[in-house]
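Presented below is the structure to which this report refers.
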Amino acid sequence: MNLESYPPLFSELSKSSNQQEYLSSDHHQKVDTIDSIIIKPVVQDSDPIPVIDLQSLSLDELGEACKDWGLFRLVNHGVPPSLLSQLQDHAKTLYSLSFQSKQALFTTPTSYFWGTPALTPSGAPLSRGPQKINWVEGFNIPISQLSQLQPQHPVLASFRLLLEDYGKHLARLAKTIFEAMAMKLKLDEEQSKSNLSESTGNIRVYRYPSCSIPDTAWGIDVHTDSSVLSILYECEVGGLEVLRDDEWFQVKPICNALIVNLGDMMQAISNDNYKSVKHRVKLNKHKERISICYFVFPDEDSVIRSSNYKPFTYNDFRAQVQEDIKTHGFKLGLESFKLY
Ligand SMILES: O=C(O)CCC(=O)C(=O)O
Ligand SMILES: [Fe+2]
Numbered sequence: 003m004n005l006e007s008y009p010p011l012f013s014e015l016s017k018s019s020n021q022q023e024y025l026s027s028d029h030h031q032k033v034d035t036i037d038s039i040i041i042k043p044v045v046q047d048s049d050p051i052p053v054i055d056l057q058s059l060s061l062d063e064l065g066e067a068c069k070d071w072g073l074f075r076l077v078n079h080g081v082p083p084s085l086l087s088q089l090q091d092h093a094k095t096l097y098s099l100s101f102q103s104k105q106a107l108f109t110t111p112t113s114y115f116w117g118t119p120a121l122t123p124s125g126a127p128l129s130r131g132p133q134k135i136n137w138v139e140g141f142n143i144p145i146s147q148l149s150q151l152q153p154q155h156p157v158l159a160s161f162r163l164l165l166e167d168y169g170k171h172l173a174r175l176a177k178t179i180f181e182a183m184a185m186k187l188k189l190d191e192e193q194s195k196s197n198l199s200e201s202t203g204n205i206r207v208y209r210y211p212s213c214s215i216p217d218t219a220w221g222i223d224v225h226t227d228s229s230v231l232s233i234l235y236e237c238e239v240g241g242l243e244v245l246r247d248d249e250w251f252q253v254k255p256i257c258n259a260l261i262v263n264l265g266d267m268m269q270a271i272s273n274d275n276y277k278s279v280k281h282r283v284k285l286n287k288h289k290e291r292i293s294i295c296y297f298v299f300p301d302e303d304s305v306i307r308s309s310n311y312k313p314f315t316y317n318d319f320r321a322q323v324q325e326d327i328k329t330h331g332f333k334l335g336l337e338s339f340k341l342y
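Under the numbering used here, the letters of the sequence shown match residues 3 to 342, in that order.
Printed below as a string of structure tokens:
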């Protein structure tokens with residue numbers, strides 16, 4: 003483990019005796035008690051996660067997966083495996099740079115953050131208090147701002163080219179999936195068009211440290227995404243878990259398959275027919291984990307209309323989430339917009 007490359011708190015605590023002491027102190031609640039939902043041991047033999055084949059897309063299967071799980075694996079998506087593996091290699095190299103170099107390389111409109119995945123619109127981390135530290139670092143990169151990524155570092159220059167390519171592929175995937183969902187839900191074509199805006203595409207590249215006592219802390223604790231769709235790539239370590247009918251399921255990594263999860267905007271657009279899935283990321287005892295996540299949102303002033311929620315824009319939603327996190331330490335999400 004290259005300690006220099008970690009945020010100072012993480013490298014300090016990675017010395018295992020410090021980690022034991024910190025994580026078992028009052029500072030940090032045990033994960034079982036943070037969670038309001040009863041945790042059953044997550045043990046599975048077979049893989050129950052639905053698989054959607056983009057080349058022979060079945061609207062019925064897509065609809066079922068969105069209703070039952072709010073999440074599915076996507077295969078035959080047309081993103082070249084070499085692009086995925088190169089992105090992952092570049093991410094590893096960039097993360098191995100010193101903490102200070104990463105701070106210097108990712109400046110506005112991109113950002114480097116750690117300790118929480120909750121960011122302000124400009125990409126700065128929203129503080130949630132010491133007991134709520136999430137064991138994650140991230141690069142936040144709005145795709146529309148990729149040209150602003152200064153290639154001072156040779157790896158960053160080629161990373162930018164890869165991300166441009168990846169961003170185009172993911173915009174294509176998001177549009178295809180959203181249009182299929184809109185068709186299945188029989189949404190008004192004109193109205194739903196602005197509910198997904200490819201220009202809002204945003205990439206986050208995360209690194210989760212290994213943790214000698216992984217059951218005492220989260221990589222990212224339980225949450226739903228605010229997006230319309232989130233599309234994740236992680237192929238080596240695992241740790242993503244999703245909630246379905248009060249039971250947690252592991253989403254095992256499968257190389258070259260992508261994970262699509264539905265966010266709060268999609269739940270509202272679908273009038274609660276589809277689920278914004280609750281999920282979390284567990285730490286691994288021995289290995290650090292890299293994931294590459296794409297998020298896409300509605301146009302900023304596109305109004306989301308449905309019979310269960312008062313009309314709102316993504317801007318309204320985001321402002322409410324920021325307020326919730328400041329006031330309560332977590333987001334209330336769609337609850338704040340429910341009609342009854
Ligand atoms: O790293 C992952 O696999 C998931 C990240 C995530 O849930 C998020 O950023 O909302
Ligand atoms: Fe998430």
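For every residue, glycine included, the Cβ atom is placed at its ideal position computed from N, Cα and C. Predicted model, so just to flag it, every value in this text is computed and none were measured.
Notebook entry, point to check: Grouping DSSP H, G and I as helix and E and B as strand, with all else coil, what is residue 235?
Noted result: strand
Check: Which residues have their C-beta within less than 6 Å of a heavy atom of ligand 1, listed in chain order?
Finding: 119, 206, 208, 222, 227, 234, 236, 242, 281, 283, 293, 295
Next item on the list: Specify, as a first and last residue, the run of the alpha helix (DSSP H) that residue 68 falls within.
Entry: 61-70
Notebook entry, point to check: Would you report the Cα separation of residue 9 and residue 60, rounded to the nearest angstrom?
Noted result: 45 Å
Note to self: Assuming residue 302 and residue 317 are in contact, meaning their beta carbons sit under 8 Å apart, how far apart are those beta carbons, in whole angstroms?
What the structure shows: 5 Å
Checklist line | In DSSP terms, what residue 260 is bridged to | finding: 76
Check: What separation, rounded to the nearest whole angstrom, lies between the Cα atoms of residue 32 and residue 218?
Finding: Its pLDDT being 46, under 50, residue 32 is placed unreliably in this model, and the value from its coordinates should be taken loosely. For residue 32 and residue 218, the distance between alpha carbons rounds to 5 Å.
Notebook entry, point to check: Under the three-state reduction of DSSP, which class applies to residue 112: helix, strand or coil?
Noted result: coil
Note to self: Considering just the uninterrupted stretch of the alpha helix (DSSP H) at residue 316, what are its terminal residues?
What the structure shows: 316-330
Checklist line | Supposed contact pair residue 231 and residue 268 - C-beta distance, whole angstroms, cut 8 Å | finding: 6 Å
Notebook entry, point to check: If you check the beta carbons only, do residue 161 and residue 96 fall under 8 Å apart?
Noted result: yes
Next item on the list: Determine the direct distance from the alpha carbon of residue 136 to that of residue 35, and round the result to whole angstroms.
Entry: The pLDDT assigned to residue 35 is 38, lower than 50, so where the model puts this residue is not dependable; a value taken from the coordinates is nonetheless given after this. Approximately 15 Å, taken between the alpha carbons.
Notebook entry, point to check: Do residue 175 and residue 233 have their C-beta atoms within less than 8 Å of each other?
Noted result: yes
Check: Would the beta-carbon of residue 232 be found less than 7 Å away from any heavy atom of ligand 2?
Finding: yes
Notebook entry, point to check: Curious, which full-length alpha helix (DSSP H) runs of at least 4 residues does the segment 133-188 contain?
Noted result: 156-187
Check: Is there contact here, the segment 245-255 with the segment 191-205, by at least three beta-carbon pairs under 8 Å?
Finding: no
Check: By a C-beta neighbour count over all protein chains shown, 10 Å radius and 16 as the cutoff for buried, is residue 263 buried or exposed?
Finding: buried
Note to self: Under DSSP, the beta strand (DSSP E) around residue 251 begins and ends at which residues?
What the structure shows: 249-252
Note to self: Please classify residue 300 as buried or exposed, where buried requires at least 16 neighbouring CB atoms within 10 angstroms.
What the structure shows: buried
Margin query: How far does the beta strand (DSSP E) with residue 200 in it extend, from its first residue to its last?
Written below: 199-210
Next item on the list: Please report the Cβ distance between residue 115 and residue 127, rounded to the nearest whole angstrom; I am assuming they are in contact, meaning their Cβ atoms lie under 8 Å.
Entry: 4 Å
Notebook entry, point to check: Considering only the beta carbon of each residue, do residue 212 and residue 101 sit closer than 8 Å?
Noted result: no
Check: Is residue 330 near ligand 2, in the sense that its beta carbon is under 7 Å from a heavy atom of that ligand?
Finding: no
Check: How far does the beta strand (DSSP E) with residue 222 in it reach, from first residue to last?
Finding: 220-225
Item checked: Residues near residue 236 by beta carbon distance below 8 Å, same chain, minus five either side -> 242, 255, 261, 291, 292, 293, 294
Next item on the list: For my contact list, residue 77 and residue 259 are in at a C-beta cut-off of 8 Å; report their separation, rounded to the angstrom.
Entry: 5 Å
Checklist line | Enclosing beta strand (DSSP E) for residue 284 [first to last residue] | finding: 281-284
Notebook entry, point to check: The alpha helix (DSSP H) spanning residue 194 covers which residue range?
Noted result: 191-195
Notebook entry, point to check: For the alpha helix (DSSP H) that contains residue 89, what are its first and last residues?
Noted result: 83-97
Next item on the list: Closer than 8 Å by C-beta to residue 157: which residues in its own chain qualify, once you throw out the five before and the five after it? Chain order, please.
Entry: 92, 95, 96
Note to self: Quick check: what's the CA-CA separation for residue 309 versus residue 323?
What the structure shows: 21 Å
Note to self: When you measure from the CB of residue 92 to every non-hydrogen atom of ligand 2, does any distance come out below 7 Å?
What the structure shows: no
Check: Taking the alpha-carbon positions, what's the residue 29 to residue 82 distance?
Finding: For residue 29, the predicted model reports a pLDDT of 49, less than 50, meaning its position is unreliable and no value from the coordinates is stated.
Checklist line | Alpha-carbon spacing of residue 155 relative to residue 134, whole angstroms | finding: 33 Å
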